[in-house]
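Chemist: Pasting a structure below so you can have a look.
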Amino acid sequence: MSYRDLYLTPAPRVTSIKEGKPPIVEILGVPFDATSTYRLGSKFGPEALRESFLNIEIFSSRLNVDLEELSVEDLGNMSQMGDAAQMTDALGKVVLEISEGEQTPAVLGGEHTLSYATFKAAPKDAALIVFDAHLDLRDEFAGLRFSHTTWLRRFIEERGAKNVIHIGSRAAAKDEVTYLNEVGVATIPTRTILATQRAEMLLADLLKDFNRVYVSLDLDILDPAYAPGVGNPEAAGISTAQLLEFLYILEGKEILGFDIVELCPAYDTGAAAAAASKCLLELTCLAHLGKTKK
Ligand SMILES: [Mn+2]
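Right under this line is the structure:
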């Protein structure tokens, strides 16, 4: 990785436009990891995810959608990001612009802090689904009130917890759990997923009053065996196949956008990138099905 790669916006690589077909998603990378507290390097996630995605089959046999026949546009990466506040400010503007153009953002991280911006840009009637081993509900961490450990708390303070659904938690500080119970976030912890047959039906139930969803996927929801390359790996997680079952529950919902975050290629075997690119494929196909239904 050179400084040119680090500081310049590379040419978009995933764009594939089929005549007469508007893009299902607008892909954009957010190479930002400035508040990461353990393993740095998720700023290189967007490029690793693109590379992996360009090397998988893009026909979803499960959803019967062939992405080869549909359009996808890659806008490249955000640049000039400064600190977390500047990054989320800029990203929020970009995502809102994409959404107002009736298009669907697919945001590739970068650290999880970016979902503060995308969640704020989502309409108020949308379910906001977070897949994450962590709660990210700290009040502050290492002197920072705004970081990848606090972004969801900052969001809830502004917009409330009513539409937030948290899936996969298995690691938290005690005060995060206290706050979670205080504000009443709907949760499906990892322990419940592992102990329940077809646990994804619990999500279907939580979504019954929602037609529209925005998804924020932190890859560390997966067991480190399935996704070693993440910023903060957390043992005893779910498998990629179990995660995909949760995504398939979204079939028929309008997917307003999604983030796939915390891919940290320096620590990866290729497994986390492969999981991430599979999720990018399936979420894109689900977005297509949601639009078709509309
Ligand atoms: Mn996490």
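Using my numbering, read the sequence shown as starting at 25 and increasing by one per residue. Cβ atoms here follow ideal geometry from the backbone N, Cα and C, with glycine treated the same way. Quick caveat, the model's predicted, so the values are computed rather than measured.
Going by DSSP in three states, arginine 236 sits in which element: helix, strand or coil?
Modeler: If DSSP states are grouped into helix, strand and coil, arginine 236 belongs with the strands.
Chemist: Leaving out the 5 sequence neighbours to the left and right, which residues in its chain are closer than 6 Å to threonine 112 when beta-carbon positions are compared?
Modeler: Tyr140 and Ala141
Chemist: Considering Cα atoms alone, identify which of Pro213, Val285, Pro55 and Asp247 is closest to methionine 105.
Modeler: With distances taken between Cα atoms, methionine 105 lies closest to Pro55.
Chemist: Below 7 Å, is the gap between the Cβ of glutamate 286 and the nearest heavy atom of ligand 1?
Modeler: Result yes, Cβ under 7 Å from ligand 1.
Chemist: If you draw a straight line from the alpha carbon of aspartate 199 to that of aspartate 242, how long is it in whole angstroms?
Modeler: About 21 Å.
Chemist: Ligand 1 and histidine 136: does the residue's C-beta get closer than 7 Å to at least one heavy atom of that ligand?
Modeler: Result yes, Cβ under 7 Å from ligand 1.
Chemist: Fully enclosed by the segment 71 to 111, which beta strand (DSSP E) runs are 3 residues long or longer?
Modeler: 97 to 101
Chemist: With DSSP collapsed to three states, give me the class of serine 40.
Modeler: strand
Chemist: Could you have a look at histidine 158 and say whether DSSP puts it in helix, strand or coil?
Modeler: strand
Chemist: If you draw a straight line from the C-alpha of aspartate 160 to the C-alpha of arginine 177, how long is it?
Modeler: So the two alpha carbons sit approximately 7 Å from each other.
Chemist: Would you mind stating whether alanine 210 and threonine 264 have Cβ atoms separated by less than 8 Å?
Modeler: no
Chemist: Less than 8 Å between the beta carbons of isoleucine 279 and glycine 314, yes or no?
Modeler: In this structure, the beta-carbon distance from isoleucine 279 to glycine 314 falls below 8 Å.
Chemist: Identify, in the order they occur along the chain, each residue of the same chain with its Cβ nearer than 6 Å to the Cβ of asparagine 205, setting aside the five sequence neighbours on each side.
Modeler: none
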